[in-house]
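As structure tokens, the structure follows; a few thoughts come after it.
In the numbering used here, the protein residues as written are 60 to 229.
In structure tokens, the structure reads:
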């Protein structure tokens with residue numbers, strides 16, 4: 060199994076157990092699902108007391124996103140201006156990481172061009188529809204994972220910057 064970690068801070072963000080689709084060589088998309096967590100009933104085998112009322116526990120089931128929950132992603136918020144400011148710094152950090160690992164110049168150029176195209180054509184037109192998540196460490200300089208819904212309005216999916224991930228074999 061492969062775990063994909065943030066190249067800048069080592070937060071675990073996604074694994075290959077989810078169906079990752081590469082889009083335009085720049086991002087990975089992974090369909091996810093809303094699952095129920097909580098609401099566990101533990102029966103210890105004791106009979107209910109006739110003298111005391113049963114304790115009501117607040118173990119309500121909660122719907123959560125399976126990727127957000129599994130990788131303990133933390134919700135964060137951005138307006139368009141603050142996200143673009145963050146993204147500018149993030150892209151510089153990713154470019155520096157690519158240079159540091161001696162990536163070919165063509166790969167770096169393709170990353171810069173592809174990232175700009177993705178932001179202009181995909182991200183900004185639908186900006187208000189996205190939810191934003193950081194890794195577990197909540198590092199403000201790390202990758203911000205994007206979450207949106209497919210055209211059916213029901214199926215959630217996450218977006219990860221391909222060049223901002225490193226693989227770790229488990």
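We treat Cβ as the ideally placed atom computed from N, Cα and C, and that holds for glycine.
Cross-strand partners of residue i (DSSP beta bridge)
| i | result |
| --- | --- |
| residue 87 | 81 and 219 |
| residue 121 | 96 |
| residue 207 | 216 |
| residue 192 | 134 and 204 |
| residue 177 | None, per the DSSP bridge assignment. |
| residue 61 | 228 |
Residue i versus residue j - alpha carbon distance
| i | j | result |
| --- | --- | --- |
| residue 119 | residue 97 | 6 Å |
| residue 136 | residue 123 | 18 Å |
| residue 166 | residue 145 | 22 Å |
| residue 72 | residue 198 | 13 Å |
| residue 183 | residue 62 | 29 Å |
| residue 77 | residue 60 | 11 Å |
| residue 201 | residue 121 | 28 Å |
| residue 70 | residue 181 | 25 Å |
| residue 74 | residue 220 | 14 Å |
Burial state of residue i (16 or more Cβ within 10 Å)
| i | result |
| --- | --- |
| residue 94 | exposed |
| residue 65 | buried |
| residue 212 | exposed |
| residue 228 | exposed |
| residue 172 | exposed |
| residue 193 | buried |
Under 7 Å between C-beta atoms of residue i and residue j
| i | j | result |
| --- | --- | --- |
| residue 92 | residue 217 | no |
| residue 204 | residue 132 | yes |
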